[in-house]
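Let me begin by presenting the structure, written as structure tokens, before commenting on it.
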Amino acid sequence: EILGPIALPAEALEQPYVQLLWRYYHVDGDSGARAQLRLDDIVVAGQIEVLENLSVFAQWWLNAGCEAGNQYCDGADLNRDGRVDLVDFAALARQWIAAP
């Protein structure tokens, strides 16, 4: 699932060092005492670079071989279903619209 963009609190801006805490409370099925969760591709940036993101996205357009080994086509496969398609483009567009 793609989350964000999420704005940092004002006191975290322009600081040389900031720690982020991610809390996860959902437990499902037979996951044991603690559910396992993989977090990756966390990006902290001042702004979204539309042309840079579109350039990476375009390089992988309609690729159906996206997997963890190639980091889901360098992040272009936003929903991680193994291909870069209009669903991913819609997610990318939502990020652009929401960006400051």
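Count along the sequence shown from 1, then add 1265; that gives the number in our numbering. For every residue, glycine included, the Cβ atom is placed at its ideal position computed from N, Cα and C.
If Cys1331 sits next to Arg1348, beta carbons under 8 angstroms apart, how far is it from one beta carbon to the other, in whole angstroms? For Cys1331 against Arg1348, the beta-carbon gap comes to about 6 angstroms, under 8 angstroms, which counts as contact.
Expressed to the nearest angstrom, what Euclidean distance is found between the alpha-carbon atoms of Ala1341 and Asp1350? In a straight line, the C-alpha of Ala1341 is about 9 angstroms away from that of Asp1350.
Between which two residues does the alpha helix (DSSP H) harbouring Trp1361 extend? Its alpha helix (DSSP H) spans residues 1351-1363.
Thinking C-beta only, is Trp1326 closer than 8 angstroms to Asp1339? no
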